[in-house]
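Peer 1:
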Ligand code: N1C
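In this note's numbering, the protein residues as written are 3 to 262.
1) Using the DSSP secondary-structure output, state which residues sit across from residue 237 in a beta bridge.
2) To test your reading of the DSSP string, which unbroken alpha helix (DSSP H) runs of 4 or more residues are found completely within the stretch 153-204?
3) Note down the Cα distance separating residue 126 from residue 7, rounded to an integer number of angstroms.
4) Could you check if residue 112 belongs to the surroundings of the ligand N1C, using beta carbon to heavy atom distance under 7 Å?
5) Look at residue 54 and residue 78 and say whether their C-beta atoms are less than 8 Å apart.
6) Pick out every residue whose C-beta is nearer than 5 Å to a heavy atom of the ligand N1C: which are they, in chain order?
7) Within the same chain, show all residues whose beta-carbon is closer than 6 Å to that of residue 71, passing over the 5 residues directly before and after it, in chain order.
8) Is the beta carbon of residue 96 less than 8 Å from the beta carbon of residue 174?
9) Short check: CB of residue 91 to CB of residue 116, under 8 Å?
10) Should residue 212 be labelled buried (16 or more other beta-carbon atoms within 10 Å of its own) or exposed?
11) Does the Cβ-Cβ distance between residue 172 and residue 202 come in under 8 Å?
12) Report all residues from its chain with a CB closer than 6 Å to the CB of residue 162; omit the five preceding and five following residues, and keep chain order.
13) Taking only the alpha-carbon atoms, compute the straight-line gap between residue 167 and residue 197 and give it to the nearest angstrom.
14) Can you tell me the Cα-Cα spacing of residue 261 and residue 105, whole angstroms?
15) Do residue 121 and residue 36 count as a contact pair if the criterion is CB distance below 8 Å?
16) Along the chain, where does the beta strand (DSSP E) containing residue 94 start, and where does it finish?
17) Below 8 Å on the Cβ atoms is my contact criterion, and I expect residue 179 with residue 217 to pass it. Report the Cβ-Cβ distance as a whole number of Å.
18) CB-CB under 8 Å to residue 181, same chain, minus the five flanking residues each way: which ones, in chain order?
19) Just how far apart, CA to CA, sit residue 61 and residue 12?
20) Roughly how many whole angstroms lie between the Cα atoms of residue 144 and residue 84?
What follows is the structure, encoded as structure tokens:
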């Protein structure tokens, strides 16, 4: 016979299994397709089955280190951006900050607000030679190889998004690191180079930091940025604390316009 203490322990383990471990395991094994279609349907306005089939042909059955950006041409073409030439926001090393910000400022457009950015944000996927399956774990990162399915997707989508940029563009960078502008980041190596005058009128860098900033707008990396920027695009940089930046997103007087 089991003692009362044993029953209590067994009960506790059962509750833990039901409430934490099993849901996590199920979530991890949820097929990518289901997440893709569910998010796509929530987004509305696109033929989600068509998008899925254009998307998965980019990497399914392929060596996960041999998926170049061009593999995603078909899915990018299947989800053209809606014409909208204002309030476009780019970022590097500030993803969480920007995601919180845009939740409150509906009119600001980031790649994660477009259908493919929305559907694939935070996901991992890859295929395998000779298989029709999609894996969501054990996929190579950029440290292993550059042409991995996730990295190539973001580089391809960022290219299309930056080609579409126009008007006054904002990029939110981090003042908490020594080199806020990284020429090897997606922002530095792809997006910045696609901004073209006169379509893009200006680029404003918003450098956001916690209390004791590591770098400011005089940081030498910004000279490299300006060298890369198409002549004719006006450049400016402004420093801001994280709390000011967050306040700015909830300023009811400025639901859309810039507050820097
Ligand atoms: O390499 P990064 O940032 O400079 O890329 C950010 C830049 C943004 O302006 C976006 O338009 O490129 C675009 N972008 C995404 O929208 C995006 N969502 C999620 C690029 N990458 C994106 N991700 C993932 O986050 C992706 O896996 C990539 O490697 C990181 C961003 O890295 P980073 O260095 O902070």
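Positions of the beta carbon are idealized from the N, C-alpha and C atoms, including for glycine.
Peer 2: In short, the structure shows the following:
1) As a working note, residue 237 is residue 235 in the chain shown. DSSP lists 205 as partners of residue 237.
2) none
3) As a working note, residue 126 is residue 124 in the chain shown. As a working note, residue 7 is residue 5 in the chain shown. Cα to Cα, residue 126 sits roughly 43 Å from residue 7.
4) In the chain shown, the residue the question calls residue 112 occupies position 110. Within the cutoff, so yes.
5) As a first step, residue 54 is located in the chain shown; it is residue number 52 there, counting from the start. As a first step, residue 78 is located in the chain shown; it is residue number 76 there, counting from the start. Contact: no.
6) 92, 93, 94, 95, 113, 156, 160, 187, 188 and 189
7) If you number the chain shown from 1, residue 71 lands on position 69. Excluding residues within five positions, the ones whose Cβ falls inside 6 Å are 154, 157 and 158.
8) The residue given as residue 96 occupies position 94 in the chain shown. The residue given as residue 174 occupies position 172 in the chain shown. Yes, the pair counts as a contact, with Cβ atoms nearer than the cut-off.
9) One-based indexing of the chain shown puts residue 91 at position 89. One-based indexing of the chain shown puts residue 116 at position 114. No; because the gap between Cβ atoms is not below 8 Å, this pair is not in contact.
10) In the chain shown, residue 212 corresponds to position 210, counting from 1. Exposed, because fewer than 16 other Cβ atoms sit within 10 Å of the Cβ of residue 212.
11) Sequence index remark: in the chain shown, residue 172 carries index 170 (1-based). Sequence index remark: in the chain shown, residue 202 carries index 200 (1-based). No.
12) Taking the first residue of the chain shown as position 1, residue 162 is located at position 160. So the list reads 78, once near-sequence residues are dropped.
13) The sequence position of residue 167 within the chain shown is 165, counting from 1. The sequence position of residue 197 within the chain shown is 195, counting from 1. Taking the straight line from one Cα to the other gives about 7 Å.
14) One-based indexing of the chain shown puts residue 261 at position 259. One-based indexing of the chain shown puts residue 105 at position 103. Near 16 Å, if we compare the C-alpha coordinates of residue 105 and residue 261.
15) As a working mapping, residue 36 is identified with position 34 in the chain shown. As a working mapping, residue 121 is identified with position 119 in the chain shown. No. Outside cutoff.
16) Taking the chain shown and counting its residues from 1, the one referred to as residue 94 is at position 92. From DSSP, the beta strand (DSSP E) with residue 94 extends over 90-94.
17) One-based indexing of the chain shown puts residue 179 at position 177. One-based indexing of the chain shown puts residue 217 at position 215. About 7 Å separates the two Cβ atoms, so the contact holds.
18) Numbered from its first residue, the chain shown carries residue 181 at position 179. Only 217, 221 and 223 meet the Cβ criterion.
19) Walking along the chain shown from the start, residue 61 turns up at place 59. Walking along the chain shown from the start, residue 12 turns up at place 10. Roughly 45 Å separates the two Cα atoms.
20) Along the chain shown, one-based indexing puts residue 144 at 142. Along the chain shown, one-based indexing puts residue 84 at 82. Near 30 Å, if we compare the C-alpha coordinates of residue 84 and residue 144.
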